Amino acid sequence: MITPSSRRPHMQELARIQIDASPEAVFDLLADNTRRGEWAEGMETFDYTSDFDPDNPVGTTFTQRIREGGRITEYHGEITTYDPPNAYGSQVTGGSYSMVVEYHLTPANGGTQVVNLCDVDSSSRFVRIMGFLFGWFTRYLGRKQLRKLKELVEAA
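Dropping the structure here:
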């Protein structure tokens with residue numbers, strides 16, 4: 009399993025948010041991939057490509073299609089972390105880059121502190137340069153998605 013601490017990505021983004029709900033409620037929505045499009049920016053489809061065991065989904069593979077501007081990009085991934093209600097993560101590849109995305113949940117102030125860590129790596133020099141130049145946009149999307157997750161969980 010690749011984790012953020014076991015490699016050196018070319019770009020690492022961190023976002024945090026406080027959600028006024030239990031870690032269990034946050035985790036339930038976060039790990040429900042059938043509802044990911046409700047809070048994940050641009051998500052068009054999410055399909056499992058291997059057997060999904062809801063009690064132990066680590067190793068389950070999937071394909072997701074995300075609208076990026078005017079086009080839809082297909083990504084292939086694997087669930088790498090599943091520790092209810094503490095952590096959820098996946099590794100995703102598409103185009104010329106790969107990402108490790110992790111969510112860590114901690115009880116805090118009567119609710120849940122959510123930390124989202126996203127490591128992006130690429131073998132393409134062009135993609136690395138663009139990532140450096142437009143890293144602000146990745147940060148913006150991460151924060152926007154966490155705000156939407158917060159809105160949905162708190163409205164439930």
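Per my numbering, the sequence shown starts with residue 9, numbered consecutively. Ideal placement from N, C-alpha and C gives every residue a C-beta, glycine not left out. Note that the coordinates shown come from a computational prediction; the quantities given were computed from them, not determined experimentally.
From residue i to residue j, what distance separates their C-alpha atoms?
i           : j           : result
residue 34  : residue 67  : 22 Å
residue 221 : residue 151 : Residue 221 is absent from the structure shown; the chain starts at 9 and stops at 164.
residue 76  : residue 111 : 22 Å
residue 29  : residue 118 : 8 Å
residue 73  : residue 83  : 6 Å
residue 32  : residue 106 : 29 Å
residue 14  : residue 127 : A caution first: residue 14 carries a pLDDT of 48, below 50, which makes its placement in the model unreliable, though a value can still be read off. For residue 14 and residue 127, the distance between alpha carbons rounds to 11 Å.
residue 123 : residue 24  : 4 Å
residue 89  : residue 78  : 31 Å
residue 158 : residue 39  : 14 Å
residue 129 : residue 86  : 16 Å
residue 95  : residue 22  : 15 Å
residue 17  : residue 116 : With a pLDDT of only 47 at residue 17, under 50, the local geometry of the prediction cannot be trusted, and the value read off the model is given with reservation. If you take the alpha carbons of residue 17 and residue 116, they lie about 29 Å apart.
residue 104 : residue 163 : 38 Å
residue 62  : residue 92  : 11 Å
According to DSSP, simplified to helix, strand and coil, what is residue i?
i           : result
residue 159 : helix
residue 95  : strand
residue 40  : coil
residue 152 : helix
residue 52  : strand
residue 170 : Examination of residue 170 is not possible in this model, given that the chain is present from 9 through 164 alone.
residue 23  : strand
residue 184 : As shown, the chain starts at 9 and ends at 164. That puts residue 184 outside it, with no answer to give.
residue 60  : coil
List the whole-angstrom C-beta distance separating residue i from residue j, where the pair is believed to meet the contact cut-off of C-beta under 8 Å.
i          : j           : result
residue 71 : residue 57  : 6 Å
residue 49 : residue 160 : Their Cβ separation, rounded to whole angstroms, is 13 Å, which puts residue 49 and residue 160 out of contact at 8 Å.
residue 54 : residue 41  : 5 Å
residue 26 : residue 153 : That belief does not hold up - the Cβ atoms of residue 26 and residue 153 are roughly 15 Å apart, past 8 Å.
Across which residues does DSSP place residue i in a beta bridge pair?
i           : result
residue 115 : 120
residue 129 : 106
residue 70  : 56 and 85
residue 32  : Paired residue(s): none; residue 32 is not in a bridge.
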